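Everything below concerns the one structure shown next.
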Amino acid sequence: MISFESDYNNGTVPQIIERLAEANNQKTSGYGFDAFTEEAKTKIKKAVGMDNAEVFLLVGGTQTNTTVIDSVLKGCEGVITVETGHIAVHESGAVEAFGHKVITLPGIDSKLKAETLEAYMETFLGDETHPHMVQPGMVYISTPTELGMLYTKEELTKLYATCQKYHLILYIDGARLGYGLMSKSCEYDLPFLARHCDVFYIGGTKVGAMFGEAVVFTNMKAPKYFFTDVKRHGALLAKGRMLGIQFATLFTDNLYFRIAGHAIDMAEQLKAIFADYNIPMAVDSPTNQQFVVFTPEQYKALSEKVVFEVWERKSESEIVCRFVTSWATTQEDIDGLEQALKSSFKS
1 MISFESDYNN GTVPQIIERL AEANNQKTSG YGFDAFTEEA KTKIKKAVGM DNAEVFLLVG
61 GTQTNTTVID SVLKGCEGVI TVETGHIAVH ESGAVEAFGH KVITLPGIDS KLKAETLEAY
121 METFLGDETH PHMVQPGMVY ISTPTELGML YTKEELTKLY ATCQKYHLIL YIDGARLGYG
181 LMSKSCEYDL PFLARHCDVF YIGGTKVGAM FGEAVVFTNM KAPKYFFTDV KRHGALLAKG
241 RMLGIQFATL FTDNLYFRIA GHAIDMAEQL KAIFADYNIP MAVDSPTNQQ FVVFTPEQYK
301 ALSEKVVFEV WERKSESEIV CRFVTSWATT QEDIDGLEQA LKSSFKS
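Position 318 of the sequence shown, counting from 1, maps to 318 under the numbering used here, and the rest follow consecutively.
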């Protein structure tokens with residue numbers, strides 16, 4: 001059956017399989033103290049455009065978020081995000097489990113606006129009892145957002161300036177960063193993003209790697225004992241070269257960006273096909289996640305032929321469903337979806 005369920009349902013790009021096989025019988029030091037990991041870090045720094053950046057390779061997204069947030073914040077500090085932010089809705093309370101409150105603010109198009117943040121901080125600081133409250137210490141955003149939306153250059157610039165004004169660390173979750181940067185609607189490149197936050201991560205799990213994420217500290221130093229914190233949070237891989245090989249490969253010959261661009265091309269075709277069948281979009285996502293609104297009858301008919309995810313049951317007559325393309329999506333997948341729509345719906 002054709003699947004548009006997620007962007008981590010396939011294994012990994014062939015180039016990574018080949019390089020892992022080539023290195024299989026080599027003996028290297030563990031925990032990332034190997035030549036492959038150094039190669040990956042060097043290539044990531046070059047792509048980011050900051051020689052003084054600090055790069056760490058971690059095993060997965062949830063571990064990355066909890067490690068970065070917990071290591072950067074003091075025990076009395078919390079992290080601000082929008083109501084739809086990943087750490088607020090799809091992280092199983094992992095951040096709170098390490099003692100940090102997730103402070104949610106309303107978003108616009110699933111994005112946190114600088115004006116919203118400033119209003120919150122002014123209200124917070126204006127409360128004479130604020131020393132008795134959880135102290136905001138960090139702002140968490142993702143790009144693309146949970147709904148596939150992108151921050152504009154102006155939005156990101158203003159948000160970072162507001163964070164700096166109130167001494168808040170800006171942390172960007174880049175689980176799908178490649179897909180965001182390769183969107184035709186994206187106004188900036190990786191170096192720009194790196195300069196407009198304090199720390200971010202480059203997602204591998206959802207963008208071609210077998211697993212793994214690359215944390216990059218740019219406008220702040222990594223916290224003291226960060227390596228130890230990575231291990232404490234269960235995010236350190238003993239066979240660290242497995243991560244090093246993957247990211248070294250992804251950042252060779254622009255592979256990371258090329259495969260992400262392919263996913264965007266597939267998503268644009270997907271979006272056009274839904275438009276041809278007059279199927280409304282829940283949001284106008286420019287990235288690899290597309291959210292459509294089906295009637296229950298449409299959902300039942302298509303779900304028998306195609307795998308996708310129910311995102312939200314808005315009402316008895318509206319079901320928001322998510323379709324996700326990836327580096328592994330083929331033209332045959334797109335054509336198959338179109339045939340499934342043709343046999344299930346009236347245009």
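Beta carbons: idealized from backbone N, C-alpha and C, even for Gly. Since the model is a prediction, treat every value here as computed from it, not as a measurement.
What do you reckon, are the CB atoms on V307 and F4 nearer than 8 Å?
Going by C-beta atoms, V307 is nearer than 8 Å to F4.
First and last residue of the beta strand (DSSP E) that includes A373?
Given that the chain is displayed from residue 1 to residue 347, the structure contains no residue 373 and the question cannot be resolved.
With DSSP as the reference, please indicate the residues paired to S155 in a beta bridge.
Checking the sequence, you will find Glu at residue 155 rather than Ser. For E155, which the question treats as bridged, DSSP gives no partner whatsoever.
Tell me S3's beta-bridge partners as DSSP assigns them.
The partner list for S3 (beta bridge, DSSP) reads V307.
Measure from the alpha carbon of L117 to the alpha carbon of each residue in Y160, E77 and Y151, then state which is nearest.
It is Y160.
If we count the other Cβ atoms within 10 Å of its Cβ and call it buried at 16 or more, is D229 buried or exposed?
Burial call: buried.
Would DSSP call K43 helix, strand or coil?
DSSP, reduced to helix, strand and coil, places K43 within a helical segment of the structure shown.
M149 vs V283 beta-carbon contact at 8 Å
Yes, the Cβ-Cβ distance between M149 and V283 is below 8 Å.
CA-to-CA distance, V72 to M50, given in whole angstroms:
About 21 Å.
Taking I141 and I172 to be in contact with their CB atoms under 8 Å, please state how far apart those CB atoms are, rounded to whole angstroms.
That pair is a contact at about 6 Å.
Exposed or buried, G234, counting other C-beta atoms within 10 Å across all chains shown (16 or more means buried)?
Classification of G234: exposed, given that the 10 Å Cβ count is below 16.
Same chain, Cβ closer than 8 Å to F33, five either side skipped, listed in chain order
Excluding positions up to five away in sequence, the list reads G240.
Tell me which residue opens and which closes the beta strand (DSSP E) that I380 is part of.
In the structure displayed, the chain extends from 1 to 347; residue 380 sits before or after that span and is not available.
Taking 8 Å as the cut-off, decide whether the C-beta atoms of A40 and F251 are in contact.
Yes.
Identify, in the order they occur along the chain, each residue of the same chain with its Cβ nearer than 8 Å to the Cβ of T12, setting aside the five sequence neighbours on each side.
Within the same chain, Cβ atoms closer than 8 Å to the Cβ of T12 are found at G208, A209, M210 and Q246, the five residues on either side in sequence being excluded.
Count the other C-beta atoms from every protein chain shown that fall within 10 angstroms of the C-beta of A328, then say buried if there are 16 or more, exposed otherwise.
Counting Cβ neighbours within 10 Å, A328 comes out buried, since at least 16 surround it.
Does the contact criterion of 3 or more C-beta pairs under 8 Å hold for the stretch 82-97 versus the stretch 48-66?
Cβ pair count under 8 Å is three or more, so yes.
Secondary structure at Y201, three-state DSSP: helix, strand or coil?
Per DSSP, reduced to three states, the secondary structure at Y201 is strand.
In chain order, what residues of the same chain have a beta carbon less than 6 Å from the beta carbon of A114, not counting five sequence neighbours either side?
Counting only residues of its own chain and dropping the five nearest sequence neighbours on each side, A114 has a CB closer than 6 Å to the CB of K158, L159 and T162.
Could you check whether L57 and A214 sit closer than 8 Å to each other, using their CB atoms as the reference points?
Yes, the Cβ-Cβ distance between A214 and L57 is below 8 Å.
Residues bridged to D173 (per DSSP)
DSSP output for D173 lists S142 as bridge partner(s).
Is the stretch 124-142 in contact with the stretch 272-290, if contact means three or more CB pairs nearer than 8 Å?
Cβ pair count under 8 Å is below three, so no.
Could you compute how far the alpha carbon of E22 sits from the alpha carbon of N10?
Roughly 21 Å separates the two Cα atoms.
Starting from V102, follow the beta strand (DSSP E) in both directions and report where the run begins and ends.
It spans V102 to L105 - the beta strand (DSSP E) in which V102 sits, taken as one unbroken run.
Within 10 angstroms of its Cβ, does M133 collect 16 or more other Cβ (buried), or is it exposed?
Flag for M133 reads exposed.
Reference L125; option with closest CA among A175, Y166, D7 and V82
Between L125 and the set A175, Y166, D7 and V82, the nearest pair of CA atoms involves Y166.
Need the endpoints of the beta strand (DSSP E) that V79 sits in, please.
Its beta strand (DSSP E) spans residues E77 to V82.
To the nearest angstrom, how far is it from the Cα of L170 to the Cα of Q339?
If you take the alpha carbons of L170 and Q339, they lie about 44 Å apart.
Under 6 Å Cβ to Cβ from K206, same chain only, skipping five residues before and after it: list those, please.
Taken in chain order, the residues that qualify are D7, Y8, A175 and R176.
Report yes or no: do three or more beta-carbon pairs, one from the stretch 319-326 and one from the stretch 289-300, lie closer than 8 Å?
Output reads yes: the stretch 289-300 touches the stretch 319-326.
Smallest Cα separation from K224: which of Y31, E54 and S303?
Nearest option by C-alpha distance: E54.
Less than 8 Å between the C-beta atoms of H196 and L156, yes or no?
Their beta carbons are under 8 Å apart, which means H196 touches L156 by this criterion.
Within 10 angstroms of the Cβ of V310, are there 16 or more other Cβ atoms? Answer buried if so, exposed if not.
Around the beta carbon of V310, fewer than 16 other beta carbons sit within 10 angstroms, so the residue counts as exposed.
Which two residues bound the contiguous beta strand (DSSP E) that contains V292?
From DSSP, the beta strand (DSSP E) with V292 extends over Q289 to F294.
Just the C-alpha distance for P106 and N219, rounded to the nearest angstrom, thanks.
In a straight line, the C-alpha of P106 is about 27 Å away from that of N219.
Option nearest V79 by Cα separation, candidates V89, G61 and H100:
That would be H100, whose Cα lies nearest to the Cα of V79.
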